[in-house]
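Reading through the structure tokens given below for one structure.
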Amino acid sequence: DAKTTQPPSMDCAEGRAANLPCNHSTISGNEYVYWYRQIHSQGPQYIIHGLKNNETNEMASLIITEDRKSSTLILPHATLRDTAVYYCIVRVEGSGGGADGLTFGKGTHLIIQP
Amino acid sequence: NAGVTQTPKFQVLKTGQSMTLQCAQDMNHNSMYWYRQDPGMGLRLIYYSASEGTTDKGEVPNGYNVSRLNKREFSLRLESAAPSQTSVYFCASSEGTSGRAWGTDTQYFGPGTRLTVL
Chain A
16 DAKTTQPPSM DCAEGRAANL PCNHSTISGN EYVYWYRQIH SQGPQYIIHG LKNNETNEMA
76 SLIITEDRKS STLILPHATL RDTAVYYCIV RVEGSGGGAD GLTFGKGTHL IIQP
Chain B
89 NAGVTQTPKF QVLKTGQSMT LQCAQDMNHN SMYWYRQDPG MGLRLIYYSA SEGTTDKGEV
149 PNGYNVSRLN KREFSLRLES AAPSQTSVYF CASSEGTSGR AWGTDTQYFG PGTRLTVL
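From first to last, the protein sequence lines are chains A and B. So the number in this note's numbering is just where the residue sits in the first sequence, counting from 1, plus 15. So the number in this note's numbering is just where the residue sits in the second sequence, counting from 1, plus 88.
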């Protein structure tokens, strides 16, 4: 699986859009970009995923660059409850032969300021 | 619809004791997983089960055993607990089975079990 690079921490004012970047310059054509978050003392929570096109759901938007070497997760109106560690993961399609699980790195600790 | 549930929430063991962590999901998912998360670190896969009746090792299986009791339940057993197994344990499930396009398969996590081994 391709490696990802994320800033260790970011601040955002409550009510503003939070833009979390992720670099994945070695991503291959069949790897999806996934975003999860983990609020303190809770289990990881799925946010969104995409392959090539930009995606939007009720929680967030995912913008993937045309060359797919980086992406940005956007929380459009951040609230205090969005304070969490956000993980960007790229994953090979159909890789059921080995450990078919997620590997989380250090992620970005997003702090929403009141 | 409770999603993924885990019991117990907290547990303290002495070195050498055994225990079983329980996990159940009510989403009719095929695959289930056990992870551990050590302080300041990401998740590491211990074991997974791609379908009822099958289990496979993940990244850190030593010291653990698992049982896929039925489609809903996947338990993790520590036969002889060691201080190095002090961690937070998460169970997860996903709809797909091994071989399906992973990109369409999202994992959903339980609330975790905080285990301390003295």
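Where is the CB? At the ideal position from N, CA and C, for every residue including glycine.
Listed by position along chain B, the residues whose Cβ is nearer than 7 Å to that of Thr-123 of chain A form an empty set, because the closest Cβ is around 12 Å away. Check the Cα spacing between Asn-150 of chain B and each of B:Phe-162, B:Gln-99, B:Tyr-123, B:Ser-139: the tightest is with B:Tyr-123. For Pro-91 of chain A, the closest C-alpha among the options A:Ser-85, A:Cys-27, A:Thr-118, A:Val-105 is that of A:Cys-27. Across the region 125-137 of chain B, CB contacts with chain A closer than 7 Å involve Gly-130, Leu-131, Leu-133, Tyr-136, in sequence order along the chain. Under a 10 Å Cβ-count criterion, Arg-165 of chain B is classified as exposed, with fewer than 16 other Cβ atoms of the shown protein chains found around its own Cβ. For the region 91-104 of chain B, the set of positions with a beta-carbon nearer than 7 Å to some beta-carbon of chain A is empty.
Counting along the chain, the unbroken beta strand (DSSP E) around Pro-36 of chain A starts and ends at 33-38. If the five residues before and after Ile-54 of chain A are omitted, its C-beta is found closer than 6 Å to the C-beta atoms of Ala-99, all from its own chain and listed in chain order. Per DSSP, the continuous beta strand (DSSP E) segment holding Gly-65 of chain A begins and ends at 60-65. The straight-line gap separating the alpha-carbon atoms of Gly-146 of chain B and Gly-44 of chain A is approximately 25 Å. With a threshold of 7 Å between beta carbons, Pro-199 of chain B makes contact with chain A. Contact between Arg-160 of chain B and Asp-114 of chain B holds, since their C-beta atoms are separated by about 7 Å, short of 8 Å. Tyr-47 of chain A and Thr-143 of chain B have their C-alpha atoms some 25 Å from each other. Under the Cβ criterion of 7 Å, Tyr-61 of chain A is counted among the residues facing chain B. DSSP, read as helix, strand or coil, puts Leu-157 of chain B in coil.
Setting aside the 5 residues that flank it on each side, Thr-103 of chain B is surrounded in the same chain by Ala-169, Ala-170, Pro-171, Val-205, Leu-206, each with a C-beta closer than 7 Å to its C-beta; the list follows chain order.
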